[in-house]
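Written out below as structure tokens is the structure these notes cover.
Residue numbers (the working numbering), protein chains in the order written: chain R, 1 to 180; chain U, 181 to 605.
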């Protein structure tokens, strides 16, 4: 059994600011879980107990949220996490081939984490909202599109040099955005 | 005549994200005019006469939606901005969030002033991390510069705007599912009535508007309702952003007047069909819309024309399929999505989407019988009009159209256990 979870002083302050936005504590559920996951990397049982306590809801209500929404991790993931969009527009543009390549290249199946803990990845059935760059992935915060095996190798090699959310990562934002 | 860009003029210009730049290019003039010179009722009337319709998907007249809100309940009135863009094929609101966040904030101010709202929540889908960061930076700047807060634009009107991130659930784009999610619950849609305009967020009257709908308001205030109404077609005012994807040469977001032709979008703006192949089918309004065969694609892109074509304009997501796309596999892909995203509250949807996905899987695996086509159509009937929200109806409208319009492809798969269109996809 690991130690009880607490917010860092900085996150405790952010949590209190979040609470002030809503007339009811419970409404802070998703932002509080996002904040906890940002701190801890995943939502453990201890985090569930903590969130239930500070939002004054039964712990089963927190579990219900975690099993309903897909962006909260209940087990450890890689240092970088990749979502490959398998929805209709990406599928038309060859997402199945990208999925086959990812499986070979990563050496682990969709939903799994590489042995060295560097990357986890999953092929998701829901559209990630970037069909103009199909086929595409979300790597941590960023979208990368018009994927080919070469491009994936390059993106992964770049990412493995940095930790998610680092300064270098910031400078890359939106480089894929296209417009008419 | 060049097509006027009403909400996309700043796309691809990162300077537009800054308040000062936005202001020096006409930004916040519409909100300023509304607050300085107009009564809330005049603002609502202007929006009503502009024929602006809800651009999230339902196409409900925006001014009418606002007029439903009771002002005398003694409770606060809330605005919930729907930025949970998740309908497969849709990515237009992302462009507004990323490139023109102040236009959205200005639209929020105008709506809030018209309806008497002092608190707004922008519900952004959880996957849009970067767009949310850009929007939050714009909100912070707007507070610092007195555009939001206790005295909006220096006037005696207060407005707080909060960004609220979702966490990966398609159903939270359904307006009452969104409210449940905002309240910290799973996004199970609510039975209506009562409608959210009367009993919405925190049991209070609530307006729920889509990002693009709100982004149109500043120019309607500046140029007037008649100007806006004349850009579109009958009962469909203005322009709209079309998210074009699939088998086209130039996928992207294109802003066109409502009533423009689908062929103009695909061939002029989208550069034609990928690999110069034949056009086979088009989904005109996101995965929930019925697919149109090549012969049915000579239509106008407005809400009423698409209904007449027995489909819908929905979220403005136009997905193009060329001759290489197998329609059985396309239906299978779409039903995998709906089976995954059904929230599980209503039996016809929870069971129906899963059964249909299973039947389509066995058709693709060569384990089906000719009776399965009959089962699919029967399930479609049982999924229509039998659930709380429109997810089930949309899913049924979608897969029924594939089965009915491309029956021979389903029959070939069942009979031969293989694909005669494209084994590769």
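Backbone N, C-alpha and C fix where the C-beta goes; we use that ideal spot for every residue, glycine too. Because the structure is a prediction, the values reported are computed rather than measured.
CA-CA distance, residue 562 of chain U to residue 535 of chain U, rounds to 12 Å. Cβ atoms of residue 84 of chain R and residue 137 of chain R come within 8 Å of each other, at about 5 Å. Taking a beta-carbon distance threshold of 9 Å, residue 29 of chain R counts as an interface residue toward chain U. Boundaries of the alpha helix (DSSP H) around residue 279 of chain U: 272-279. Just so you know, the alpha carbons of residue 70 of chain R and residue 323 of chain U end up roughly 32 Å apart. Assignment of beta strand (DSSP E) within the stretch 500-580 of chain U, counting only whole runs of 3 or more residues, yields no such run. Residue contact with chain R for residue 330 of chain U: absent (no Cβ-Cβ distance below 9 Å to any residue of chain R). Residue pairing by DSSP places residue 83 of chain R opposite R:122, R:138 in a beta bridge. With respect to chain U, the C-beta atom of residue 134 of chain R has a partner C-beta closer than 9 Å. Sequence-distant partners of residue 393 of chain U (beyond 5 residues in either direction) whose C-beta falls short of 6 Å from its own C-beta, in its chain, are 234, 235, 242. Annotation for residue 48 of chain R: the continuous alpha helix (DSSP H) segment containing it runs 45-55. Close to residue 15 of chain R, with beta-carbon spacing below 7 Å, lies no residue of chain U; the smallest spacing is near 14 Å. Beta-bridge analysis with DSSP links residue 345 of chain U to U:304. For residue 458 of chain U, the three-state secondary structure derived from DSSP is coil.
Assignment of beta-bridge partners to residue 463 of chain U by DSSP yields U:499.
Where residue 200 of chain U is concerned, the enclosing alpha helix (DSSP H) starts and stops at 199-204. Counting the other CB atoms within 10 Å of its CB gives residue 554 of chain U a total below 16, which places it among the exposed residues. For residue 7 of chain R, none of the residues of chain U pass the 7 Å Cβ criterion, the least Cβ distance being about 18 Å. Each residue's CA atom was taken as its position, placing residue 544 of chain U and residue 121 of chain R some 26 Å apart. Secondary structure of residue 480 of chain U (DSSP, three-state): strand. Around the CB of residue 549 of chain U, fewer than 16 other CB atoms lie within 10 Å, so the residue is classed as exposed. When only Cα atoms are considered, residue 35 of chain R and residue 476 of chain U end up about 49 Å apart. Nearest to residue 306 of chain U by alpha-carbon distance, out of R:72, R:131, R:160, is R:72. Flagged as an interface residue toward chain R: residue 523 of chain U, by a C-beta distance shorter than 9 Å. Residue 5 of chain R is positioned such that its CB atom lies closer than 9 Å to that of residue 50 of chain R.
Comparing alpha-carbon positions, the option among U:432, U:400, U:486, U:452 lying closest to residue 438 of chain U turns out to be U:486. Inside the stretch 373-417 of chain U, DSSP marks whole beta strand (DSSP E) runs of 3 or more residues at positions 386-390, from first to last along the chain.
Judged by DSSP in its simplified three-state form, residue 310 of chain U adopts helix.
Less than 9 Å divides the Cβ of residue 450 of chain U from the Cβ of residue 432 of chain U.
Nearest neighbour of residue 429 of chain U by Cα position, chosen from R:47, R:8, R:93, R:18, turns out to be R:93.
Contact check for residue 101 of chain R and residue 152 of chain R: beta-carbon distance about 7 Å, within the 8 Å limit, so the pair qualifies.
Interface annotation for the stretch 418-450 of chain U against chain R: 423, 424, 425, 426, 427, 430, 431, 432, 433, 434, 435, 449, criterion Cβ-Cβ distance under 9 Å. Sequence-ordered contacts of the stretch 306-322 of chain U with chain R read 306, 307, 308, 309, 310 [C-beta pairs closer than 7 Å]. Taken in chain order, the members of the stretch 32-44 of chain R whose beta-carbon sits within less than 8 Å of a beta-carbon on chain U are 33, 34. Where residue 104 of chain R is concerned, the enclosing alpha helix (DSSP H) starts and stops at 95-106.
Distance between residue 144 of chain R and residue 133 of chain R, taken at the CA atoms: about 8 Å.
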